[in-house]
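Novice: Residue numbering for the sequence shown follows this note's numbering, starting at 168 and increasing by one per position.
All C-beta atoms in this analysis are idealised placements derived from N, C-alpha and C, irrespective of residue type, glycine included.
On a predicted model such as this, the values are computed, not experimentally measured, just so you know.
This is the structure I have questions about; it appears just below.
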Amino acid sequence: MNLIRILIAVVLFSTIYSDIHAGSLKGSVRFDGKPPKKKKLRMDADPVCGSAHSGPVFSESFKVNSDGDLADCLVWLRNVKYSGGVPKEPVVIDQKGCVYIPH
168 MNLIRILIAV VLFSTIYSDI HAGSLKGSVR FDGKPPKKKK LRMDADPVCG SAHSGPVFSE
228 SFKVNSDGDL ADCLVWLRNV KYSGGVPKEP VVIDQKGCVY IPH
(Lines of atoms letter the chains of each structure in order from A; the text may use other names.)
(Lines give C-alpha, C1' and ligand atoms only; values in the text may rest on other atoms or scores of the structure.)
Protein backbone atom coordinates (compact mmCIF):
# COMPACT_ATOMS: atom_id res chain seq x y z
CA MET A 168 0.00 0.00 0.00
CA ASN A 169 2.81 2.41 0.87
CA LEU A 170 4.54 1.53 -2.41
CA ILE A 171 1.44 2.54 -4.37
CA ARG A 172 1.25 5.86 -2.52
CA ILE A 173 4.92 6.52 -3.20
CA LEU A 174 4.50 5.71 -6.90
CA ILE A 175 1.46 7.98 -7.16
CA ALA A 176 3.37 10.78 -5.43
CA VAL A 177 6.34 10.34 -7.80
CA VAL A 178 4.10 10.42 -10.87
CA LEU A 179 2.23 13.50 -9.65
CA PHE A 180 5.43 15.31 -8.71
CA SER A 181 7.09 14.53 -12.04
CA THR A 182 4.04 15.77 -13.93
CA ILE A 183 3.88 19.01 -11.95
CA TYR A 184 7.66 19.49 -12.11
CA SER A 185 7.73 19.00 -15.88
CA ASP A 186 5.08 21.71 -16.29
CA ILE A 187 6.97 24.11 -14.05
CA HIS A 188 10.41 23.30 -15.43
CA ALA A 189 9.41 23.24 -19.11
CA GLY A 190 12.00 24.83 -21.33
CA SER A 191 15.06 22.60 -21.47
CA LEU A 192 16.28 21.29 -24.77
CA LYS A 193 19.43 19.29 -25.34
CA GLY A 194 20.84 17.62 -28.39
CA SER A 195 23.41 17.72 -31.12
CA VAL A 196 23.40 18.44 -34.83
CA ARG A 197 25.40 16.10 -37.03
CA PHE A 198 26.58 16.56 -40.59
CA ASP A 199 26.13 13.49 -42.74
CA GLY A 200 28.78 13.17 -45.42
CA LYS A 201 32.05 14.89 -46.16
CA PRO A 202 32.12 18.45 -44.78
CA PRO A 203 33.04 21.30 -47.11
CA LYS A 204 36.63 22.48 -47.18
CA LYS A 205 37.44 25.39 -44.86
CA LYS A 206 37.35 28.69 -46.72
CA LYS A 207 40.39 30.92 -46.16
CA LEU A 208 39.50 34.56 -45.56
CA ARG A 209 41.38 37.38 -47.25
CA MET A 210 42.84 39.54 -44.54
CA ASP A 211 44.85 41.88 -46.78
CA ALA A 212 42.11 44.46 -47.46
CA ASP A 213 43.16 46.35 -44.33
CA PRO A 214 46.74 46.23 -42.98
CA VAL A 215 45.44 46.07 -39.40
CA CYS A 216 43.43 42.92 -40.18
CA GLY A 217 46.38 41.02 -41.63
CA SER A 218 48.85 42.02 -38.94
CA ALA A 219 46.52 40.93 -36.14
CA HIS A 220 46.88 37.22 -37.02
CA SER A 221 49.97 35.03 -36.98
CA GLY A 222 48.53 32.56 -39.49
CA PRO A 223 45.67 32.12 -41.93
CA VAL A 224 42.11 32.91 -40.84
CA PHE A 225 39.27 30.66 -41.94
CA SER A 226 35.55 31.28 -42.22
CA GLU A 227 33.50 30.01 -39.29
CA SER A 228 30.22 29.88 -41.18
CA PHE A 229 30.41 26.08 -41.14
CA LYS A 230 32.18 24.41 -38.21
CA VAL A 231 32.26 20.61 -37.98
CA ASN A 232 34.53 18.39 -35.89
CA SER A 233 36.03 15.02 -36.84
CA ASP A 234 32.96 13.18 -35.47
CA GLY A 235 30.59 15.14 -37.72
CA ASP A 236 29.17 17.33 -34.95
CA LEU A 237 28.26 20.84 -36.07
CA ALA A 238 29.07 23.77 -33.80
CA ASP A 239 27.18 27.02 -33.30
CA CYS A 240 23.96 25.83 -34.94
CA LEU A 241 20.61 27.51 -34.85
CA VAL A 242 17.65 25.27 -34.09
CA TRP A 243 14.28 26.78 -34.92
CA LEU A 244 11.26 25.62 -32.90
CA ARG A 245 7.81 26.23 -34.34
CA ASN A 246 4.68 26.90 -32.33
CA VAL A 247 6.55 27.33 -29.06
CA LYS A 248 5.72 30.24 -26.77
CA TYR A 249 8.57 31.63 -24.72
CA SER A 250 7.61 32.71 -21.23
CA GLY A 251 11.08 33.29 -19.80
CA GLY A 252 12.79 36.58 -19.29
CA VAL A 253 15.78 38.27 -20.80
CA PRO A 254 19.18 36.83 -19.76
CA LYS A 255 20.74 38.74 -16.86
CA GLU A 256 24.24 38.62 -18.33
CA PRO A 257 24.79 40.85 -21.36
CA VAL A 258 25.70 39.26 -24.66
CA VAL A 259 29.12 40.40 -25.83
CA ILE A 260 30.22 40.30 -29.44
CA ASP A 261 33.77 41.50 -29.97
CA GLN A 262 35.78 42.25 -33.08
CA LYS A 263 39.41 41.19 -32.86
CA GLY A 264 41.63 41.44 -35.89
CA CYS A 265 38.62 42.11 -38.15
CA VAL A 266 36.93 38.89 -37.01
CA TYR A 267 33.77 38.87 -34.89
CA ILE A 268 33.94 36.68 -31.78
CA PRO A 269 31.75 34.72 -31.30
CA HIS A 270 30.82 34.38 -34.95
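Are the beta-carbon atoms belonging to residue 222 and residue 198 less than 7 Å from one another?
Specialist: For residue 222 and residue 198, no; Cβs fall outside 7 Å.
Novice: Using the DSSP secondary-structure output, state which residues sit across from residue 268 in a beta bridge.
Specialist: Paired residues: 261.
Novice: Check the DSSP bridge columns for residue 225 and list the partner residues they point to.
Specialist: 207.
Novice: Please name the residue or residues paired with residue 231 in a DSSP beta bridge.
Specialist: According to DSSP, residue 231 bridges with 237.
Novice: Just to confirm the assignment, what range does the alpha helix (DSSP H) spanning residue 251 have?
Specialist: Looking at the DSSP string, residue 251 is not in any alpha helix (DSSP H), and its letter there is neither H nor E.
Novice: Distance, Cα to Cα, residue 209 vs residue 269?
Specialist: Straight-line Cα distance between these residues: approximately 19 Å.
Novice: Below 8 Å CB to CB, which residues in the same chain sit around residue 232 once its five sequence neighbours on both sides are set aside?
Specialist: Closer than 8 Å at the Cβ level, and outside the excluded window around residue 232, lie 238.
Novice: To which residues of the same chain is residue 267 closer than 8 Å at the C-beta, ignoring the five residues directly before and after it?
Specialist: Answer for residue 267: 260 and 261, listed in chain order.
Novice: To the nearest angstrom, how far is the alpha carbon of residue 244 from that of residue 214?
Specialist: C-alpha separation (whole angstroms): 42 Å.
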